[in-house]
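Each remark here refers to the structure printed beneath this line.
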Amino acid sequence: MDRRTVLKNAGLAVMGGLVVPRSAASPSSGPVSGVEGEPLRDLPEVRSSGGVLDHQLNMAAERVEVGDRVITVDTYNGTMPGPILRFRPGEQVRLLLRNNMHPMGIPPNGPPPLCAPPPGEDSPGGPLECLPHAAGHLAEGETLAQTSVATNIHTHGLQVSPEGRADNVFLRIDPGQRHQYVYDIPDDQPAGLHWYHPHFHGSTSHQGWAGLSGPMIVEGDIDRVPEIADMRERTMVINELWLNEDGEVPTAMVLPSGGQVPFTSVPAVPTTMTFTLNGQLVPEIDMRPGEAQRWRVLNASPHRAVWLQADGHELYKIGQDGIPFERPKRVDSVMLSAGNRAEFIITAGDPGRYPVVARRYDQGHPGGARPAVQLGTLVIDGATAGGRIPRELVDAPAVPDLPVTRRRTLVFSGDISGHDGAGVRFFIDDQLYRHDRIDQEVEAGTVEEWRLVNEDVFQHPFHIHVNPFRIVDVKGIPPGDSSWETDPSIWWDVFRLPPKGEVTMRTYFRPDITGKTVYHCHILPHEDNGMMGNVLISPEGEVT
Amino acid sequence: MGSRIALVAGMGAVVLVTATGDTQDGLPGQPLESDEAYILTQQHRDNLPWWNNTWVPQTVPSGAHIQVQLPSDPVEWVPEHGRDCEPSPVADLVPTSLLPLRADVELLDTDTLPNSDRMTGSSEISVFSYRVSGVGIAAVCLRPEPDPADPAQLGFPPGTPSDYVVTLVVGVPQASLP
Chain A
1 MDRRTVLKNA
11 GLAVMGGLVV
21 PRSAASPSSG
31 PVSGVEGEPL
41 RDLPEVRSSG
51 GVLDHQLNMA
61 AERVEVGDRV
71 ITVDTYNGTM
81 PGPILRFRPG
91 EQVRLLLRNN
101 MHPMGIPPNG
111 PPPLCAPPPG
121 EDSPGGPLEC
131 LPHAAGHLAE
141 GETLAQTSVA
151 TNIHTHGLQV
161 SPEGRADNVF
171 LRIDPGQRHQ
181 YVYDIPDDQP
191 AGLHWYHPHF
201 HGSTSHQGWA
211 GLSGPMIVEG
221 DIDRVPEIAD
231 MRERTMVINE
241 LWLNEDGEVP
251 TAMVLPSGGQ
261 VPFTSVPAVP
271 TTMTFTLNGQ
281 LVPEIDMRPG
291 EAQRWRVLNA
301 SPHRAVWLQA
311 DGHELYKIGQ
321 DGIPFERPKR
331 VDSVMLSAGN
341 RAEFIITAGD
351 PGRYPVVARR
361 YDQGHPGGAR
371 PAVQLGTLVI
381 DGATAGGRIP
391 RELVDAPAVP
401 DLPVTRRRTL
411 VFSGDISGHD
421 GAGVRFFIDD
431 QLYRHDRIDQ
441 EVEAGTVEEW
451 RLVNEDVFQH
461 PFHIHVNPFR
471 IVDVKGIPPG
481 DSSWETDPSI
491 WWDVFRLPPK
501 GEVTMRTYFR
511 PDITGKTVYH
521 CHILPHEDNG
531 MMGNVLISPE
541 GEVT
Chain B
1001 MGSRIALVAG
1011 MGAVVLVTAT
1021 GDTQDGLPGQ
1031 PLESDEAYIL
1041 TQQHRDNLPW
1051 WNNTWVPQTV
1061 PSGAHIQVQL
1071 PSDPVEWVPE
1081 HGRDCEPSPV
1091 ADLVPTSLLP
1101 LRADVELLDT
1111 DTLPNSDRMT
1121 GSSEISVFSY
1131 RVSGVGIAAV
1141 CLRPEPDPAD
1151 PAQLGFPPGT
1161 PSDYVVTLVV
1171 GVPQASLP
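Sequences listed follow chains A and B, in order.
If you're matching positions, the first sequence starts at 1 in our numbering and goes up one per residue.
If you're matching positions, the second sequence starts at 1001 in our numbering and goes up one per residue.
Listed below in structure tokens is the structure:
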């Protein structure tokens, strides 16, 4: 342990293939020079055996090379992002989580706002009252430093129980503690890309900015489509690392700011924002001319909406948020809000180097559009290959032919001014999140429509655990913004609310999963600052 | 400090540089950075009421780039200096103005960023870049024009002064402790 760490710790305590000619895939722009990087690596993978995937995830700080910089971030099993967990419907996944994290990134240049209550919270009073107030927070493990290392796991996209030892986001696992998770994967879990990440309320963004995330791949019917089965498959995780000058995630009160780095802290320290692909800085993705590859892409960024484009290449989308399509959809680009996954086929064009970018996009953050960022470089070289795009995929899950039992309206809003207290606050129905309050009670086995109204300019990406949904209506898409997909046949588990607009979604609360879980904005600093609600899924006939 | 501020005193008013509104995909290098700036917002203002008199100034190293971002339009922010810019008392009680050591503050640049509908009463963010150097106390001051009747229009709590003052202790190594 170096002196700085000591000081900080002390200070805290697809049938019938369609052959696409390679030239058809690069209609507009030719190859361009890109940043030379290392080859994109495949993430370590753990596969189920005998119907069970039994694995340990150790959370601890690790020194990680990102480009020419060494950073120190919390990781799963020493890698950033964590390993791929691959299994099938009907199997059991057992994860033993060990929390060996310790606080890092505490700014040494000013006191934390111990006595500065956030908007909506009671004031502890002046300096004399502050000490016992701060001591109380310390004893209850509620200081920023303590909360920053409290954790749990959310299995984002898995249709599993939200209670007990399963996808229970109400658990708190502190440093030195371990927890055995057990997930029974239903027989009808769609095949696709899902993911795991920390979900302890208050520390999700901090741990997300460290890159704590990992893919979960459910194998199934779509993998047996001959054209797809023949393809090179790549799983890519986009991480958004917010780092101080020491290469650590700041443990401090977080505020939005304008400019290239979208956040600052109290006290303020210089920070940077780095976007990695499988933990690498602008890696090279090799393809042969005409080759078709299957890309599974996860946006694990806590904040950034990634409008993904492989320059000059069309994409054939085959799945969204872990649920496959009935047939490929040809698109020029793919928008991935924070938490979204997209699976698509890319067919390589002419030899050359093509940037893979997150396009410049205004997602409502202060200061205007987030800048374009190069995530990787598509390098096309070698002998020509004959990539085939399937015409048909699989039968997509259907919403049962049931009447809509209930329609609800939820209103999303926020306050970033600071005039009512320290920091920012984000609300659903004018309320900040409380873990002990049931905000919505629904009945398992029913269909509901939720109208989600956004009073903000922020494009809050709405996420609900366990059950995915389809989009019925979208109002307020900014003129000229071509990033939106409103096809009612697509299943989502994260969908953006347009600025000052609204979305109506329809969902089916599957009858076999009950319990308390959450819905929230998947911009994680918004979730941590209040924009979350509890939904109780009651057994059929037992709604109070 | 006074002489450097004097270099920009002739500005008389904040020069607002209109954002380009560029829609082309540029590809800035990674990581995205802010020129190693300490970014301060309206929530970094000295002695805000919600500190409950426990506020103390943060430290920065000599040579630090300080960037102040404040909600603006229709309000404009005018940099102040000299006698019109004094450091704040710690915890609203201990006067830092009595400390003999003063660090230099140099205004380097101003800019604006779009911010429509993000905060009530403003449509832009005004950005002021400073360099602080030396050892001692430094204050960065900005005055709103026109002075709004409601400080909430500036993102400030009700009943607080409309001037923006942030006090810093300059010349303290940090972030990369030796």
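Cβ atoms here follow ideal geometry from the backbone N, Cα and C, with glycine treated the same way.
Check                                                                                                                                                                           : Outcome
May I ask you to report which of helix, strand or coil DSSP gives P1158(B)?                                                                                                     : coil
Whose C-beta lies closer than 6 Å to the C-beta of W1055(B) among residues of the same chain, with five residues either side of it excluded?                                    : N1047
Between the region 396 to 413 of chain A and the region 454 to 468 of chain A, are three or more C-beta pairs nearer than 8 Å?                                                  : yes
Between V404(A) and E448(A), what straight-line distance do the alpha-carbon atoms span, to the nearest angstrom?                                                               : 5 Å
Of all Cβ atoms in chain D, is any one closer than 7 Å to the Cβ of D1073(B)?                                                                                                   : Here chain D cannot be found, since the structure's protein chains are A and B.
Go ahead and label Q180(A) buried or exposed: buried means 16 or more other beta carbons lie within 10 angstroms of its beta carbon, across all protein chains shown.           : exposed
Could you work out which residues of chain B lie near F275(A), taking near to mean beta carbons separated by less than 7 Å?                                                     : Q1030
Would the beta-carbon of V466(A) fall within 7 Å of that of P162(A)?                                                                                                            : yes
Which first and last residues belong to the beta strand (DSSP E) in which H463(A) is found?                                                                                     : 461 to 464
Are R470(A) and W491(A) touching if we call contact CB-CB under 7 Å?                                                                                                            : yes
Starting from the beta carbon of T272(A), find every residue of chain B whose beta carbon is closer than 7 Å, and list them in chain order.                                     : P1031, L1032, E1033
Classify S570(A) as helix, strand or coil using the three-state DSSP reduction.                                                                                                 : Outside the displayed span of chain A (1 to 544) sits residue 570(A), for which this structure offers no information.
Any Cβ of chain A within less than 7 Å of the Cβ of R1131(B)?                                                                                                                   : no
Expressed to the nearest angstrom, what Euclidean distance is found between the alpha-carbon atoms of F170(A) and G105(A)?                                                      : 25 Å
Mapping the DSSP letters down to three states, classify H1044(B) as helix, strand or coil.                                                                                      : helix
Is S1133(B) near D1104(B), with beta carbons less than 7 Å apart?                                                                                                               : yes
In terms of alpha-carbon separation, which member of L378(A), P108(A), R288(A) lies closest to L308(A)?                                                                         : L378(A)
Would the beta-carbon of I84(A) fall within 7 Å of that of T235(A)?                                                                                                             : yes
Taking the CB atoms as reference points, tell me whether D74(A) and L298(A) lie closer together than 7 Å.                                                                       : no
Per DSSP, Q440(A) is paired with what?                                                                                                                                          : V535(A)
Does the region 239 to 256 of chain A touch the region 269 to 278 of chain A, meaning 3 or more C-beta pairs lie closer than 8 Å?                                               : yes
Is the CB-CB distance between V394(A) and Y508(A) below 7 Å?                                                                                                                    : no
Quick check on the DSSP output: the beta strand (DSSP E) that includes S1133(B) runs from which residue to which?                                                               : 1124 to 1133
Leaving aside the five residues before and after S265(A) along the sequence, list all residues of the same chain whose C-beta is less than 8 Å from its C-beta, in chain order. : P107, P250, A252, M253, V254, L255, T271
Three-state secondary structure (DSSP) at Y1164(B)?                                                                                                                             : strand
For D1084(B), name the three-state secondary structure that DSSP assigns.                                                                                                       : helix
For the region 117 to 173 of chain A, list the beta strand (DSSP E) runs that are entirely contained and at least 3 residues long, ordered along the chain.                     : 154 to 156
Specify the secondary structure class of L410(A) as computed by DSSP and reduced to three states.                                                                               : strand
Tell me, please, whether the region 381 to 394 of chain A touches the region 497 to 505 of chain A by the rule of three or more beta-carbon pairs shorter than 8 Å.             : no
Which residue or residues does DSSP assign as beta-bridge partners of Y361(A)?                                                                                                  : R370(A)
When burial is assigned at 16 or more other CB atoms within 10 Å of the CB, is L402(A) buried or exposed?                                                                       : exposed
Just to make sure I have the definition right: I need the residues of chain A whose C-beta is within less than 9 Å of the C-beta of D1117(B). Which are they?                   : G364, D456, V457, P499, K500
On the three-state DSSP scale, how would you describe P1049(B)?                                                                                                                 : helix
To the nearest angstrom, how far is it from the Cα of P1114(B) to the Cα of H526(A)?                                                                                            : 21 Å
May I ask you to report which of helix, strand or coil DSSP gives I1039(B)?                                                                                                     : strand
Nearest by alpha-carbon distance to M1119(B): which of F1128(B), G1171(B), G1155(B) is it?                                                                                      : G1155(B)
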